[in-house]
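Undergrad: This structure is in structure tokens; I'll ask about it shortly.
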Amino acid sequence: MTQLLSRPAPAVTAAPAAARRARPRRVPTHLALLLVCGLWTVPVLGLLVSSFRPAYDISTTGWWRAGEGTLTTGNYRDVLATGGFGTALANSLLITVPAVAAMVAVGAVAAFALARMPFAGRRAVTVAMVALLALPLQMTLVPVLRLYNAAGLTGTFAGIWLVHLGFGLPFAVYLLRTFFAGLPEELFEAAALDGASTLTAFLRVAVPVSGPAIASVAIFQFIWVWNDLLIALIFLGGDPGVAPLTVAVSNLVSATTGQGWQLLTAAAFVAMAVPMVIFFALQRYFVRGLLAGSGK
């Protein structure tokens, strides 16, 4: 008995030893990640610094020499007040927020039906949804635009909401269906025993536990709609009253021929700031949603 008690436990010492052996193997991975982060951070940092520099400093020195000159917030004031970007920023919010809300709401209902409600043709509908993910967006622009011209929806916010809803719904349904299908069956059986209907089970059981997955879909769709230029140009045109930030920045790029770079950098960073804030604010939900979907 004394010998047994004096023996070291191999399981206790094996774990720290394995961790020490694994640390050197992670060094190349960490270095590669730091390199990629640096490659992404340097242009963003240069854009941010240039957005606070006067026109003369931008045209004569690089952004890394910003400490030798002066910094000003006048570029942002000129862009938002006199450049029409204040209206474009409001238009981008009016386009993105309702479109993403509609995608998440409709996508969650459709995904729950495909995952939890047996009906004839459910597998065929699921396969069709997955097939729509591989359909090139450009193939549908001309026929959809003809329908919009006939219905008088071109150049309206309602029209652009429907376009984004139609193009983004397959991805939302696919991602949320994967999550709903992996939820424990016992949750819905317990809800049915308590007398809950299908709608109640969806609202009271599926939606609360699917917060990370829904947040992931919302982040994906928000960034996609916010950064969209092609659909906005085709279905909204160049009308400043409804044009989003991407169209305004594109027009500013076309108008900038060696001058006005300070306004272009400020406008570009304004366009980048909103999705960056959304992503970092919901980052923990985004990571949890991706991990939950992969685990299921």
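According to full-length UniProt numbering, the sequence shown is numbered sequentially starting from 1.
Backbone N, C-alpha and C define an ideal beta-carbon position, used for all residues, glycine too.
1) In terms of residues, what are the limits of the alpha helix (DSSP H) holding Pro98?
2) Do the segment 188 to 205 and the segment 236 to 247 make contact, defined as three or more Cβ pairs closer than 8 Å?
3) Let me make sure I understand the geometry here. Which of Gly107, Leu45, Thr29 and Phe269 has the alpha-carbon closest to that of Val217?
4) To which residues of the same chain is Leu252 closer than 8 Å at the C-beta, ignoring the five residues directly before and after it?
5) Report buried or exposed for Asn75, applying the criterion of at least 16 other Cβ atoms within 10 angstroms of its Cβ.
6) Can you look up Asn227 in the DSSP assignment and give me helix, strand or coil?
7) For Ser210, which three-state DSSP category applies?
8) Using the beta-carbon count (16 or more within 10 Å), is Ser59 buried or exposed?
9) Between Leu229 and the rest of its own chain, which residues show a CB-CB distance below 8 Å, the 5 nearest in sequence each way excluded?
10) First and last residue of the alpha helix (DSSP H) that includes Asp57?
11) With contact counted as at least three CB pairs below 8 Å, one residue from each stretch, are the segment 47 to 61 and the segment 29 to 36 in contact?
12) Identify, in the order they occur along the chain, each residue of the same chain with its Cβ nearer than 7 Å to the Cβ of Met117, setting aside the five sequence neighbours on each side.
13) Output the boundary residues of the alpha helix (DSSP H) element that contains Glu68.
14) How is Pro184 classed by DSSP in three states: helix, strand or coil?
15) If I'm right that Met129 touches Pro170 with Cβ under 8 Å, what's the distance once you round it to whole angstroms?
16) Are the segment 269 to 276 and the segment 217 to 226 touching, with three or more C-beta to C-beta distances below 8 Å?
17) Which class does Ala243 belong to by DSSP, given the choice of helix, strand or coil?
18) I believe Leu176 touches Ala213 by the beta-carbon criterion, under 8 Å. Please report the beta-carbon distance rounded to the nearest angstrom.
19) So, for residue 297: in the same chain, excluding its five sequence neighbours on each side, which residues have a beta-carbon less than 8 Å away from its beta-carbon?
20) Please classify Arg284: is it buried, with 16 or more other beta-carbons within 10 angstroms of its beta-carbon, or exposed?
21) Give me the residue from Pro244, Val277 and Pro275 with the minimum Cα distance to Ala90.
22) Would you mind sorting Phe179 into buried or exposed? The rule is 16 or more other CB atoms within 10 Å of its CB.
23) How would you call Gln138, buried or exposed, if buried means at least 16 neighbouring beta carbons within 10 angstroms?
24) In three-state DSSP terms, what is Ser50?
25) Is the distance from the Cβ of Thr97 to the Cβ of Gln221 below 8 Å?
26) Consider the C-beta atom of Pro212 and the heavy atoms of the ligand MG; say whether any pair is separated by less than 7 Å.
27) Considering only C-alpha positions, which residue in the set Gly182, Gly86, Thr156 and Leu133 is nearest to Arg168?
TA: Answer, in terms of the structure:
1) For the purposes of this step, residue 98 is taken as the residue at position 98 of the sequence shown. Phe85 to Arg116 is the span of the alpha helix (DSSP H), which, as asked, contains Pro98.
2) Touching, no.
3) Taking the first residue of the sequence shown as position 1, residue 217 is located at position 217. Comparing alpha carbon positions, the residue from Gly107, Leu45, Thr29 and Phe269 closest to Val217 is Gly107.
4) By one-based count along the sequence shown, residue 252 stands at place 252. Result list for Leu252: Gly83, Gly260, Leu263, Leu264 and Ala267, in chain order.
5) Reading the sequence shown from its first residue, position 75 is the one you call residue 75. Its Cβ being crowded by 16 or more others within 10 Å, Asn75 is buried.
6) Locating residue 227 in the sequence shown gives position 227, counting from the first residue. Taken through DSSP and simplified to helix, strand or coil, Asn227 comes out as coil.
7) For the purposes of this step, residue 210 is taken as the residue at position 210 of the sequence shown. Secondary structure at Ser210: coil, using DSSP grouped into helix, strand and coil.
8) For the purposes of this step, residue 59 is taken as the residue at position 59 of the sequence shown. By the neighbour-count rule (16 or more Cβ atoms within 10 Å), Ser59 is not buried but exposed.
9) Here residue 229 corresponds to residue number 229 of the sequence shown, with the count starting at 1. So the qualifying residues of the chain are Thr246, Val247 and Ser250.
10) Numbered from 1 along the sequence shown, position 57 holds the residue referred to as residue 57. Its alpha helix (DSSP H) spans residues Ala55 to Thr60.
11) Inter-segment contact for the segment 47 to 61 and the segment 29 to 36 is absent: fewer than three beta-carbon pairs are separated by less than 8 Å.
12) What you label residue 117 is simply residue 117 of the sequence shown in a count that begins at 1. Excluding sequence neighbours, Met117 sits near Thr198.
13) Translated into positions along the sequence shown, residue 68 becomes position 68. Counting along the chain, Glu68 falls outside any alpha helix (DSSP H), and DSSP gives it neither H nor E.
14) Within the sequence shown, the letter at position 184 stands for residue 184. Coil, per DSSP.
15) Counting from 1 along the sequence shown, the entry for residue 129 is found at position 129. Counting from 1 along the sequence shown, the entry for residue 170 is found at position 170. Confirmed, Cβ separation roughly 5 Å.
16) Result yes; three or more Cβ-Cβ pairs closer than 8 Å.
17) Position 243 of the sequence shown holds residue 243. Coil, per DSSP.
18) Taking the first residue of the sequence shown as 1, we reach residue 176 at position 176. Taking the first residue of the sequence shown as 1, we reach residue 213 at position 213. Contact between Leu176 and Ala213 holds, with the beta-carbon distance rounding to 6 Å and staying under 8 Å.
19) Since the first and last residues shown for the chain are 1 and 296, residue 297 lies out of range.
20) Start at 1 with the first residue of the sequence shown, and residue 284 comes out as number 284. Counting Cβ neighbours within 10 Å, Arg284 comes out exposed, since fewer than 16 surround it.
21) Counting from one through the sequence shown, the residue named residue 90 turns up at place 90. Closest option to Ala90, Cα to Cα, is Pro244.
22) One-based indexing of the sequence shown puts residue 179 at position 179. In summary, Phe179 is buried, with 16 or more beta-carbon neighbours lying within 10 Å of its beta-carbon over all protein chains present.
23) Here residue 138 is taken as the residue at index 138 of the sequence shown, counted from 1. Burial call: exposed.
24) Here residue 50 refers to the residue found at position 50 when the sequence shown is read from its first residue. In this structure, DSSP gives Ser50 a helical state, which the three-state scheme calls helix.
25) As a working mapping, residue 97 is identified with position 97 in the sequence shown. As a working mapping, residue 221 is identified with position 221 in the sequence shown. Looking at the sequence itself, residue 97 is Val, so the reference to Thr does not match. No; because the gap between Cβ atoms is not below 8 Å, this pair is not in contact.
26) The ligand MG is not part of this structure, which contains no ligands at all.
27) Residue mapping note: residue 168 aligns to position 168 of the sequence shown, counting from 1. Here the sequence assigns Gly to residue 168, which means Arg is not the residue at that position. Residue Leu133 is the option with its Cα nearest to Gly168.
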